[in-house]
Amino acid sequence: MTEIASGAPAQDSGTGRRPEAIKAIPVRHPWRWASAVLVLAFAADVVYTIASAPHLKWSVVGDYMFQRLIREGALLTIELTVIAMAIGIALGIMLAVMRLSPNPVVSWVSWFYIWFFRGTPVLVQIFFWFNLAIILPQLGIGIPGTKIGWFESTNTLIPPVMAAILGLGLNEAAYMAEIVRAGIISVDLGQSEAAQALGMNRLLVMRRIVLPQAMRVILPPTGNETISMLKTTSLAFVASVPELYTRASQISNATFYVIELLIVISIWYLAMTSVASVGQAYLERRFGRGVHTVTPRGPWERLTGSFFGSGVPPQLPLTQRSPDKVI
Amino acid sequence: MAAHMVQAEAVHKSFGRLEVLRGIDLSVDPGEVMCVIGPSGSGKSTFLRCINHLEKIDAGRLSVDGELVGYRQKGDRLFELPDREVCHKRSEIGMVFQRFNLFPHMTALENLIEAPMRVKKQNRATAEAAARALLERVGLADKMSVYPNQLSGGQQQRVAIARALAMQPKLMLFDEPTSALDPELVGEVLDVMRGLAEDGMTMVVVTHEMGFAREVGDSLVFMDRGVIVESGHPKEVLANPRQDRTKAFLASVL
Numbered sequence: 404m405t406e407i408a409s410g411a412p413a414q415d416s417g418t419g420r421r422p423e424a425i426k427a428i429p430v431r432h433p434w435r436w437a438s439a440v441l442v443l444a445f446a447a448d449v450v451y452t453i454a455s456a457p458h459l460k461w462s463v464v465g466d467y468m469f470q471r472l473i474r475e476g477a478l479l480t481i482e483l484t485v486i487a488m489a490i491g492i493a494l495g496i497m498l499a500v501m502r503l504s505p506n507p508v509v510s511w512v513s514w515f516y517i518w519f520f521r522g523t524p525v526l527v528q529i530f531f532w533f534n535l536a537i538i539l540p541q542l543g544i545g546i547p548g549t550k551i552g553w554f555e556s557t558n559t560l561i562p563p564v565m566a567a568i569l570g571l572g573l574n575e576a577a578y579m580a581e582i583v584r585a586g587i588i589s590v591d592l593g594q595s596e597a598a599q600a601l602g603m604n605r606l607l608v609m610r611r612i613v614l615p616q617a618m619r620v621i622l623p624p625t626g627n628e629t630i631s632m633l634k635t636t637s638l639a640f641v642a643s644v645p646e647l648y649t650r651a652s653q654i655s656n657a658t659f660y661v662i663e664l665l666i667v668i669s670i671w672y673l674a675m676t677s678v679a680s681v682g683q684a685y686l687e688r689r690f691g692r693g694v695h696t697v698t699p700r701g702p703w704e705r706l707t708g709s710f711f712g713s714g715v716p717p718q719l720p721l722t723q724r725s726p727d728k729v730i
Numbered sequence: 015m016a017a018h019m020v021q022a023e024a025v026h027k028s029f030g031r032l033e034v035l036r037g038i039d040l041s042v043d044p045g046e047v048m049c050v051i052g053p054s055g056s057g058k059s060t061f062l063r064c065i066n067h068l069e070k071i072d073a074g075r076l077s078v079d080g081e082l083v084g085y086r087q088k089g090d091r092l093f094e095l096p097d098r099e100v101c102h103k104r105s106e107i108g109m110v111f112q113r114f115n116l117f118p119h120m121t122a123l124e125n126l127i128e129a130p131m132r133v134k135k136q137n138r139a140t141a142e143a144a145a146r147a148l149l150e151r152v153g154l155a156d157k158m159s160v161y162p163n164q165l166s167g168g169q170q171q172r173v174a175i176a177r178a179l180a181m182q183p184k185l186m187l188f189d190e191p192t193s194a195l196d197p198e199l200v201g202e203v204l205d206v207m208r209g210l211a212e213d214g215m216t217m218v219v220v221t222h223e224m225g226f227a228r229e230v231g232d233s234l235v236f237m238d239r240g241v242i243v244e245s246g247h248p249k250e251v252l253a254n255p256r257q258d259r260t261k262a263f264l265a266s267v268l
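Order-wise, the sequence lines are chains P and G.
When you line the first sequence up against the working numbering, it's residues 404 to 730, in that order.
When you line the second sequence up against the working numbering, it's residues 15 to 268, in that order.
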């Protein structure tokens with residue numbers, strides 16, 4: 404007993420002596436090195452084969468990389484993504500709160516919306532809005548059965564870009580509603596009870612207490628949806644919206660450089676999704692407030708840390724302490 | 015009638031087919047500290063939650079400060095209160111939970127000013143001044159800008175008490191406030207509650223702390239299986255229980 408006690412203390416005990424930090428030779432991992440070499444060799448071979456393909460013109464890739472039409476297409480892709488996601492998130496939060504409402508009418512309206520928009524392909528929805536003018540040449544608000552009111556030609560109201568935004572945004576809302584609902588449900592019931600006990604009403608409890616805590620659960624899948632949306636916007640080509648993919652296919656139709664243009668836009672899509680992932684990581688850190696005892700490092704710190712770190716593990720284990728774990 | 019802060023007459027409550035409360039009669043006077051003890055599942059927490067309408071009662075009468083909980087009476091008919099009025103009634107009753115339920119995304123100070131600002135529409139300066147004074151009163155003046163997960167259980171519960179007090183309630187409900195705490199942290203929370211009692215706060219305390227009940231309580235209620243088995247002055251009941259069930263329970267916890 405006394406022997407163990409004298410060897411173990413990490414802090415100064417009665418003796419005032421602290422043993423030296425452990426210095427041990429780490430376990431060797433020869434197979435990690437072997438597999439790394441194998442993977443690198445295979446990757447190099449694939450890259451070389453494609454890069455040296457006899458009919459692939461890399462100069463064309465370079466020419467079109469920052470060509471005006473491609474740049475404009477990329478900008479439109481970003482705009483479509485931002486607007487569609489904004490609609491999706493705003494409407495999604497509303498639908499999620501409605502879905503959990505004690506009012507059965509409100510709850511069923513939300514259920515039906517999600518059922519319908521999640522159950523039909525986005526491609527069909529975009530195409531539907533694009534072609535709405537075929538069956539309804541005019542849209543407006545007025546008294547049914549009369550000409551009294553405000554009407555406008557459908558083609559003016561819903562130009563191709565609007566058709567794409569409606570199709571993408573309304574579809575996204577259905578998915579976001581489910582993500583937000585999952586986040587809301589994940590928050591401990593004691594939280595809304597404590598808020599209610601303070602006299603807060605249902606909307607206040609939701610807005611101030613539940614949703615901010617649900618954000619931690621909502622954010623990762625939302626980032627995922629945003630990245631997915633960046634690529635899904637390419638479906639807007641059915642409405643002839645001149646976004647990145649439409650531009651690329653127009654150019655390759657005229658020049659027959661099909662693969663070259665696909666490489667160009669793939670690089671663009673990869674760049675855009677990479678930026679989105681970095682943004683997501685920072686947002687997650689922001690909403691981890693009050694959950695992590697140690698603030699998790701940002702992606703950049705983590706990258707530099709794992710290359711130039713001082714021997715500290717690249718990602719510290721996060722101590723999660725929540726009051727309900729205490730018994 | 016209005017002399018009682020809490021008055022219950024034949025209060026019944028069921029969850030599905032399980033009868034949790036089977037006729038509770040009691041009254042709490044202003045300034046009184048009532049301790050409620052009993053085995054788990056005896057319905058004591060449920061009764062506490064009924065008092066601020068977190069649970070609806072099925073039968074009987076329950077009133078706080080002379081007004082029915084959750085209903086308004088006109089003639090001999092009862093009308094359910096709309097949400098707005100239920101919220102207002104709740105804002106006058108403080109509640110402290112077993113698991114603290116502090117808002118983890120807010121600092122201690124933000125936890126305290128949230129309801130006064132949003133529910134009572136106080137401005138930030140007023141709310142913060144009151145919150146600072148309260149945190150000082152529970153001995154946590156130095157923890158204002160700290161998030162709950164950086165506080166010990168005892169500190170969290172003291173913040174939770176201060177949060178309830180920030181609404182200036184006329185009645186405080188405690189639902190096993192020390193049951194989730196490490197033994198050495200129980201004392202600091204009980205000290206705060208003792209101070210409250212001395213200041214004349216009306217309190218209903220569901221607890222397993224017999225020492226607190228004996229020293230601070232003005233009355234003691236022993237509940238088992240949804241009914242009040244025995245009640246009286248704490249010293250009296252704890253020293254000379256008359257009912258066999260009370261004797262058995264006290265023998266098992268003391």
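All residues carry an ideal CB built from backbone N, CA and C; glycine is no exception.
Owing to the predicted nature of the structure, the values given are computational and were not obtained by experimental measurement.
Paired residues, beta bridge with residue i - DSSP
i: residue 26 of chain G; result: G/36 and G/73
i: residue 244 of chain G; result: G/236
i: residue 91 of chain G; result: G/88
i: residue 554 of chain P; result: P/543
i: residue 108 of chain G; result: G/186
i: residue 7 of chain G; result: With chain G running from 15 to 268 in the structure shown, residue 7 of chain G is simply not present.
i: residue 81 of chain G; result: G/78
i: residue 49 of chain G; result: G/219 and G/234
i: residue 21 of chain G; result: G/41 and G/77
Contact under 8 Å by Cβ, residue i with residue j
i: residue 657 of chain P; j: residue 529 of chain P; result: no
i: residue 233 of chain G; j: residue 255 of chain G; result: no
i: residue 542 of chain P; j: residue 531 of chain P; result: no
i: residue 27 of chain G; j: residue 34 of chain G; result: yes
i: residue 509 of chain P; j: residue 501 of chain P; result: yes
i: residue 328 of chain G; j: residue 45 of chain G; result: No information on residue 328 of chain G is available, as it lies outside the stretch 15 to 268 that chain G covers here.
i: residue 630 of chain P; j: residue 680 of chain P; result: yes
i: residue 111 of chain G; j: residue 597 of chain P; result: yes
i: residue 174 of chain G; j: residue 149 of chain G; result: no
i: residue 600 of chain P; j: residue 483 of chain P; result: no
i: residue 453 of chain P; j: residue 667 of chain P; result: no
i: residue 749 of chain P; j: residue 520 of chain P; result: Because chain P here runs from 404 to 730, residue 749 of chain P falls outside it and cannot be looked at.
i: residue 95 of chain G; j: residue 22 of chain G; result: no
i: residue 195 of chain G; j: residue 109 of chain G; result: no
i: residue 581 of chain P; j: residue 537 of chain P; result: no
i: residue 58 of chain G; j: residue 106 of chain G; result: no
i: residue 204 of chain G; j: residue 216 of chain G; result: no
i: residue 467 of chain P; j: residue 663 of chain P; result: yes
i: residue 67 of chain G; j: residue 84 of chain G; result: yes
i: residue 235 of chain G; j: residue 36 of chain G; result: no
i: residue 78 of chain G; j: residue 65 of chain G; result: yes
Contact belief for residue i with residue j at Cβ below 8 Å, rounded distance in angstroms
i: residue 392 of chain P; j: residue 593 of chain P; result: As displayed, chain P neither begins before 404 nor continues past 730, which places residue 392 of chain P out of reach and without an answer.
i: residue 53 of chain G; j: residue 263 of chain G; result: 6 Å
i: residue 476 of chain P; j: residue 650 of chain P; result: 3 Å
i: residue 237 of chain G; j: residue 56 of chain G; result: 4 Å
i: residue 222 of chain G; j: residue 51 of chain G; result: 7 Å
i: residue 212 of chain G; j: residue 172 of chain G; result: At roughly 16 Å, the Cβ-Cβ gap does not stay under 8 Å, so residue 212 of chain G and residue 172 of chain G are not in contact.
With a floor of 4 residues, list each alpha helix (DSSP H) that falls wholly inside the segment 619 to 703 of chain P, ordered by position along the chain.
Listed in chain order, the complete alpha helix (DSSP H) runs (minimum 4 residues) inside the segment 619 to 703 of chain P are 647 to 658 and 661 to 690.
Mind listing which residues of the segment 594 to 614 of chain P have their C-beta closer than 8 Å to chain G's C-betas, in chain order?
Answer set for the segment 594 to 614 of chain P: 594, 596, 597, 598, 599, 600, 601, 602, 603, 604, 605, 607, 611 and 612.
Can you check the segment 136 to 180 of chain G for any alpha helix (DSSP H) of at least 4 residues that lies completely inside it and give the ranges in chain order?
Taking only runs of at least 4 residues, the alpha helix (DSSP H) segments lying wholly in the segment 136 to 180 of chain G are 138 to 151 and 167 to 179.
Output the residue ranges of the alpha helix (DSSP H) runs that lie fully inside the segment 440 to 510 of chain P and measure 4 residues or longer, sorted by chain position.
Qualifying alpha helix (DSSP H) stretches, in chain order: 461 to 468 and 471 to 502.
Under 7 Å (Cβ pairs) to chain G, residues found in the segment 613 to 640 of chain P:
Look at the segment 613 to 640 of chain P: the residues with a C-beta under 7 Å from a C-beta of chain G are 615 and 616.
Under 7 Å (Cβ pairs) to chain P, residues found in the segment 181 to 196 of chain G:
Hits within the stretch, in order: 181 and 194.
What are the residues of the segment 108 to 119 of chain G that lie near chain C, defined by any Cβ-Cβ distance shorter than 8 Å?
Chain labels in this structure do not include chain C; the protein chains are P and G.
Would you list, in chain order, the members of the segment 123 to 143 of chain G that have their beta-carbon closer than 7 Å to a beta-carbon of chain P?
From the segment 123 to 143 of chain G, only 128, 129, 132 and 133 have a Cβ closer than 7 Å to chain P.
Identify each residue in the segment 35 to 69 of chain G for which the Cβ-Cβ distance to at least one residue of chain P is less than 7 Å, and report them in chain order.
Taking 7 Å as the Cβ-Cβ cut-off against chain P, the residues of the segment 35 to 69 of chain G that qualify are 66 and 68.
Would you list, in chain order, the members of the segment 89 to 100 of chain G that have their beta-carbon closer than 8 Å to a beta-carbon of chain P?
Taking 8 Å as the Cβ-Cβ cut-off against chain P, the residues of the segment 89 to 100 of chain G that qualify are 97 and 98.
Which full runs of the beta strand (DSSP E) of 3+ residues lie inside the segment 554 to 624 of chain P, going along the chain?
Entirely contained in the segment 554 to 624 of chain P, not one beta strand (DSSP E) run reaches 3 residues.
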